[in-house]
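Below is one structure, written out as structure tokens; the observations come after it.
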Amino acid sequence: MTVRYSKVDLTLVLTKALLRSAALLDLSESQLAAALGVSESSMMVRGTVTLKSGSKQAELATLLVRCFHALDALVDGNDEQRRKWNSAAFRVNMPSPDA
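Taken in order, the sequence shown gives residues 20 to 118; the numbers are from my numbering.
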């Protein structure tokens, strides 16, 4: 039996995974926007926009979710250890997507 998924379902799943990963990493909206290369005002955090399948933002979102899963595996799901890694990683000033 072959199960087929629509693109809408997959992009919705990716959007939810991205937002959950960002929340667990304590990323601000501006950090998430910079990671995706979009302006903060166009963020899907507003709940009205989802990532478009095949877009550069969807590709970057997938990479961010994969990085979160890798980090979560490294720290064995320990929130405190994950926060330590995150605070060290995001000390670097990320450029604004508008710059």
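Even glycine gets a Cβ: it sits at the ideal position worked out from N, Cα and C.
For residue j and residue i, the rounded distance between their alpha carbons
| i | j | result |
| --- | --- | --- |
| residue 58 | residue 33 | 19 Å |
| residue 101 | residue 46 | 12 Å |
| residue 71 | residue 35 | 13 Å |
| residue 54 | residue 21 | 35 Å |
| residue 89 | residue 97 | 13 Å |
| residue 73 | residue 92 | 27 Å |
| residue 107 | residue 23 | 41 Å |
Among the options, the one whose alpha carbon lies nearest that of residue i
| i | options | result |
| --- | --- | --- |
| residue 56 | 46, 79 and 44 | 79 |
| residue 103 | 60, 44, 81 and 71 | 44 |
| residue 39 | 74, 93, 73 and 86 | 86 |
Residue j beta carbon less than 8 Å from that of residue i
| i | j | result |
| --- | --- | --- |
| residue 83 | residue 31 | no |
| residue 51 | residue 41 | yes |
Same chain, Cβ closer than 6 Å to residue i, neighbours up to 5 away in sequence not counted
| i | result |
| --- | --- |
| residue 49 | 59 |
| residue 75 | none |
8 Å CB neighbourhood of residue i in its chain, flanking five on each side removed
| i | result |
| --- | --- |
| residue 94 | 100, 101 and 104 |
| residue 77 | 30, 33, 70 and 71 |
Other residues of its chain near residue i: CB distance less than 7 Å, five sequence neighbours each side excluded
| i | result |
| --- | --- |
| residue 81 | 33 |
Near the ligand GDP: residue i beta-carbon under 7 Å from a heavy atom
| i | result |
| --- | --- |
| residue 31 | No copy of the ligand GDP occurs in the structure displayed, which carries no ligand at all. |
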